[in-house]
Every structure is written in structure tokens, then in C-alpha cells.
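Colleague:
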Amino acid sequence: MESKLQLHGFNNLTKSLSFNIYDICYAQTNEQREAYIDYIDEMYNAERLTQILSDVVKIIGANILNIARQDYEPHGASVTMLIAEHDVEDCEENYDESPGPLPDTIVAHLDKSHVTVHTYPESHPHDGVSTFRADIDVSTCGLISPLKVLNYLIHSFDSDVVTVDYRVRGFTRDIDGTKHYIDHDINSIQNYLTEDTQNAYQMIDVNVYQENLFHTKMMLKDFNLDNYVFGTNAKELDPTEAKSIEDRLRREMLEIFYSRNVE
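For reference, each letter of the sequence shown is one residue, going 2 to 264 in our numbering.
Rendered as C-alpha cells:
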């Protein structure tokens, strides 16, 4: 086992993980679009989001101190948690920067940091494409690592496109006063994704190593139209229409992945 760095006082490094998760859907009629939004609103209501966030807190090795949650009209929900780092015997693996397990608005506060999730269901009559977005931030201080929740959160949502940012801020001192601006090795967020997650997504990195800034974009590789049409059986579609719908959905994914409109 590697020897641990002896620190002077509390570890003051802040480790922040932020990502946007997108779920793409085709809903042609007004009724189908409304049904899709209602489905998303129910699927990710305050109760479900509270459970997801509770699992996140457990994965990073923290304690929930308080929960406040609220559903909104016409859509959306929010949950706020106060959580704290806790001592559990033989739980050092909770604090390692390593791949974690696999599995609207949430806001959670640690005693020194916070966790937030916001959801944005939207649809547009043009081309029949609807997009559900979840913005997630996990910011921790000290020994707790947010990297352990990457895989769980990606698999907790129907993630077609994911953009992830990870940054270590501030510094901590060892006992002789030397500053340390990061306390673990990392050259890519991809290092902390499980093999099945890596195999499922096309990924690119944009990293600024000297600033401890890491950015990864992910787009699902496999495309099964049955998973994207809402209120319609893809097998019943005319082949020409099915191809047109698939092209529109792929274009939506590519535009989000590259953050630009495709002509």
C-alpha cells in the first residue's frame, strides 16, 4: 500500500465533478410530446431523485444530515440534502479516486461542499425531436472523492450524450508547509469509467493538465430506433420514414456532442 501524505490539518482541496446528461427521443405528435414530458417528469420526480442522490451520498462515503424536496408545476423537481463526511471503520476505499459502481432538480450540501442536479425536459414541434437534460455537480472537500459516482449517475439516466468536467481547486499543506495542488494521479476522466461504460461510448478529451482541469465528451455508440421513438413501434414505421427519423435523432446527438449546429 502506498504511504499516505501526512497533512497539516484538514485537506483543503476541493474536487468538483460536473456533467450534463442528455436523453434524446422522437415524439411526432403534440400528444406524444406531452406524454414524453409527463413520463420524464414522473420518472425523475423528487422522490426518485432523492433516492438517486441518497445512493450518491452512500457511494462517496458520506452521511445525510437533512433532506428537503419539492416537485414543481408544470414540470421539474428539486431536492436539497445536507450531508457530512463520516467515519466508518475499514471504509478507506470510499475515499479513493477510483471507478465507482454502476446503477427535476437536486441540490445537496456537504458540511463543507455540495451536490446539485437540475433537470430540463424540453420538446419542439420541428422534426419531432425531444431532449431531456440533467445537469449534475458533485463538489467535495477533504478525503471524499466525487469520481466514484461517475458510472452510477451515467447509468441512472438514459444517457445518450454526456459531457463531463472535473477540476481540483485550492491547495493543502503537508506537515513541512509544502503546498499540494492535487492529491491523486489523473490524466483523464476516462480512467474512472468502468470498462463497459468505456465500450458503450465514443469519447474525446480536452484537458488542461497544468490547471488540474479535465473534460470528456461521450456519445452512445449503439443506435436502436426502438429505444428512441415514443408512443410508436419502430418496426411498424415505413422504412423511408424510419431512416428519416434516425437521421434526425443522430443529428441531434452529434450537434449536442460537438456543441454546434450541423447544416
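Backbone N, C-alpha and C fix where the C-beta goes; we use that ideal spot for every residue, glycine too. Computed from a prediction, not measured in an experiment: that's the story for all the values here.
With DSSP as the reference, please indicate the residues paired to T173 in a beta bridge.
Modeller: Its beta-bridge partners are H181.
Colleague: What does the alpha-carbon distance come out to for the pair V230 and Q211?
Modeller: For V230 and Q211, the distance between alpha carbons rounds to 44 Å.
Colleague: When DSSP labels each residue in this structure, what does H127 get in the three-state scheme?
Modeller: Three-state DSSP puts H127 in a helix.
Colleague: With which residues is D72 paired in a DSSP beta bridge?
Modeller: D72 pairs with A78.
Colleague: Could you give the residue range of the beta strand (DSSP E) that holds Y193?
Modeller: From DSSP, Y193 is part of no beta strand (DSSP E); its letter is neither H nor E.
Colleague: Could you please give the first and the last residue of the uninterrupted beta strand (DSSP E) stretch that includes Q33?
Modeller: No beta strand (DSSP E) holds Q33; the alpha helix (DSSP H) holding it covers 31 to 44.
Colleague: Could you tell me which of T173, F224, L18, A135 sits nearest to M254, measuring between CA atoms?
Modeller: Checked all of T173, F224, L18, A135; the closest Cα to M254 is F224.
Colleague: Please classify T117 as buried or exposed, where buried requires at least 16 neighbouring CB atoms within 10 angstroms.
Modeller: When all chains shown are included, T117 counts as buried.
Colleague: Residue ranges of each alpha helix (DSSP H) run of no fewer than 4 residues wholly in the region 192 to 250, ordered along the chain?
Modeller: Counting whole runs of 4 or more residues, the region 192 to 250 contains the alpha helix (DSSP H) stretches 196 to 201.
Colleague: Closer than 8 Å by C-beta to D91: which residues in its own chain qualify, once you throw out the five before and the five after it? Chain order, please.
Modeller: With a pLDDT of 42 at D91, under the threshold of 50, the predicted position of this residue should be treated as unreliable, though the coordinate-derived value follows. Around D91: no qualifying Cβ.
Colleague: What span of residues does the alpha helix (DSSP H) with I155 cover, start to end?
Modeller: 151 to 157 is the extent of the alpha helix (DSSP H) around I155.
Colleague: Assuming I246 and A135 make a contact with CB atoms under 8 Å, what is their CB distance in whole Å?
Modeller: Their Cβ separation, rounded to whole angstroms, is 24 Å, which puts I246 and A135 out of contact at 8 Å.
Colleague: My output table needs one value for P104: the three-state DSSP class, helix, strand or coil.
Modeller: A caution first: P104 carries a pLDDT of 45, below 50, which makes its placement in the model unreliable, though a value can still be read off. If DSSP states are grouped into helix, strand and coil, P104 belongs with coil.
Colleague: Could you check the C-alpha separation between E65 and S55 for me, to the nearest Å?
Modeller: Residue identity differs from the one stated: residue 65 is Ile in this sequence, not Glu. Between I65 and S55, the C-alpha separation is close to 8 Å.
Colleague: Thinking C-alpha only, which one of H185, L154, V209 is nearest T198?
Modeller: The shortest C-alpha separation from T198 is found at L154.
Colleague: Can you give me the start and stop residues for the beta strand (DSSP E) that D161 sits inside?
Modeller: No beta strand (DSSP E) holds D161; DSSP gives it neither H nor E.
Colleague: Determine the extent of the beta strand (DSSP E) in which I145 is found, giving its start and end residues.
Modeller: From DSSP, I145 is part of no beta strand (DSSP E); its letter is neither H nor E.
Colleague: Out of M219, D184, V58, which has the shortest C-alpha to C-alpha gap to R170?
Modeller: Among M219, D184, V58, the Cα nearest to that of R170 belongs to D184.
Colleague: Please list the terminal residues of the continuous beta strand (DSSP E) segment that includes N266.
Modeller: Given that the chain is displayed from residue 2 to residue 264, the structure contains no residue 266 and the question cannot be resolved.
Colleague: Among K180, R249, Q203, whose alpha-carbon lies nearest the alpha-carbon of S131?
Modeller: Of the listed residues, the one whose Cα sits closest to S131 is R249.
Colleague: Label I41 either buried or exposed according to how many other C-beta atoms from any shown protein chain fall within 10 Å of its C-beta, with 16 as the threshold for buried.
Modeller: I41 comes out buried.
Colleague: Measuring straight from C-alpha to C-alpha, what distance separates N67 and A243?
Modeller: Computed Cα separation, rounded: 48 Å.
Colleague: Which residues does DSSP list as the beta-bridge partners of V139?
Modeller: V139 is bridged to L18, V116.
Colleague: Okay, do the region 25 to 39 and the region 141 to 149 touch, 3+ Cβ pairs below 8 Å being the bar?
Modeller: Touching, no, given that fewer than three Cβ pairs across the two stretches are closer than 8 Å.
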